[in-house]
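Some notes on the structure that comes next.
Residue numbers (our numbering): 7 to 108.
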C-alpha cells in the first residue's frame, strides 16, 4: 500500500473534516498496477469517481496520463489536491522500485 496526502481548499466540506485529502492505493509491485483505491473525500460519489479513474492504471507508465484522466473526469474543488496526492504516490512508487527508502 502506498499513500499520498495534499492540502484541501479551505472552502470545501472535506477540509472541515480532514484539512488534507488522503489517497491510499494497493499496488502490484511488479508493474505498478493500481489494484484498489480509497480516499478521504467527503462524498461517496467523489470517492467512487477517483477510484474508477485510478483502478487499473500502471504507475510504471508515469503519472501524467493519470493526471490527465483526473483533470478530465473529476471537476470537484479538490481536484488539485487529488492530483498532488497521486503525484506523491507516484514518487513513492518510483523510490520503492529504485530501492530507496520511502
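Think of the CB as a built atom: it goes at the ideal place given N, C-alpha and C, for glycine as much as any other residue.
| Item | Value |
| --- | --- |
| For residue 89, the residue or residues it bridges with in DSSP | Note: residue 89 sits in no beta bridge, so no partner. |
| Counterpart residues of residue 28 in DSSP-defined beta bridges | 11 |
| Selected residue, minimal CA-CA separation from residue 28, among 43, 18, 61, 75 | 43 |
| Inter-residue spacing [alpha-carbon to alpha-carbon] between residue 55 and residue 88 | 11 Å |
| For residue 45: DSSP bridge partner residues | 29 |
| Between the CA atoms of residue 82 and residue 72 - distance to the nearest angstrom | 16 Å |
| Collapsed DSSP secondary structure at residue 95 in the structure displayed | helix |
| Selected residue, minimal CA-CA separation from residue 90, among 20, 70, 66, 52 | 70 |
| Among 48, 40, 32, the one whose alpha carbon lies nearest that of residue 21 | 48 |
| Expected contact under 8 Å - CB spacing of residue 95 and residue 10 to nearest Å | 4 Å |
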